[in-house]
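Numbering follows our numbering, with no gaps: position 61 of the sequence shown is 73. From the three backbone atoms N, C-alpha and C, an ideal C-beta is built for every residue, glycine too. Notes to accompany the following structure.
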Amino acid sequence: MKHTSSVTKFAEKLPHLIDLERRSFSKSIDELRDLTNIQLTTEIARRVLEATYSDKLATPIKEDGKSRQRTLADLPEVAVIRGHFAGTTGLGIRDLPGCAGTAYGLFNAITQFETHDAGRAKDETERARARLESLWGGSSAKRIARAREACLALV
Numbered sequence: 013m014k015h016t017s018s019v020t021k022f023a024e025k026l027p028h029l030i031d032l033e034r035r036s037f038s039k040s041i042d043e044l045r046d047l048t049n050i051q052l053t054t055e056i057a058r059r060v061l062e063a064t065y066s067d068k069l070a071t072p073i074k075e076d077g078k079s080r081q082r083t084l085a086d087l088p089e090v091a092v093i094r095g096h097f098a099g100t101t102g103l104g105i106r107d108l109p110g111c112a113g114t115a116y117g118l119f120n121a122i123t124q125f126e127t128h129d130a131g132r133a134k135d136e137t138e139r140a141r142a143r144l145e146s147l148w149g150g151s152s153a154k155r156i157a158r159a160r161e162a163c164l165a166l167v
């Protein structure tokens, strides 16, 4: 059989590859667990949100023929994220152990928004498709990565 040797070599390496993934996952969990020890302040939340949405904040707003810098208050995402963090959206982020009032809770609220609420299409199927594409290497994936980096920089 022509391809058997490469399959056999891959199968021999599989336990090592699984162990690498397991260790990487464990490290990731430990990093996120550290975020539960960081009490969220307005300043920390501002820094994390500015890092997360730096792509949107970089685009100025044009009003009355003048251009001004976009702020967090201009982003509709922030109100939804605030609602997720506060627990007013019914998603229970506030009720999860270690989430209430912590950097981990903010990270969860951001990922909740990016994975479930982002998207403008009116058709549910089209919105889901656009979200999936965005999460798979698109703007949502980049924002979640920036949020994670900004939160982990606090540790």
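Is the Cβ-Cβ distance between L87 and K68 less than 7 angstroms? yes
So is L29 buried or exposed if we call it buried at 16+ other beta carbons inside 10 Å? exposed
Between D107 and E24, what straight-line distance do the alpha-carbon atoms span, to the nearest angstrom? 44 angstroms
Just checking T71 against the ligand MG - is the residue's beta carbon closer than 6 angstroms to any of the ligand's heavy atoms? The ligand MG is absent from the structure shown, which contains no ligands of any kind.
Put R82 into one of helix, strand or coil per three-state DSSP. coil
How far does the alpha helix (DSSP H) with E145 in it reach, from first residue to last? E136 to L147
Taking the C-alpha atoms as reference points, what is the distance between Q168 and T16? As shown, the chain starts at 13 and ends at 167. That puts residue 168 outside it, with no answer to give.
Go ahead and pull the three-state DSSP assignment for I73. strand
According to DSSP, simplified to helix, strand and coil, what is T48? helix
Which residues in the same chain as R58 place their Cβ atom closer than 8 angstroms to its Cβ, once the five residues preceding and following it in sequence are excluded? L84
Just confirm the distance between the C-beta atoms of V167 and D46, as a whole number of angstroms; I'd bet it's less than 8 angstroms. 5 angstroms
Terminal residues of the alpha helix (DSSP H) in which G3 lies: Lying before the first or after the last residue shown, residue 3 is absent from the chain, which here runs from 13 to 167.
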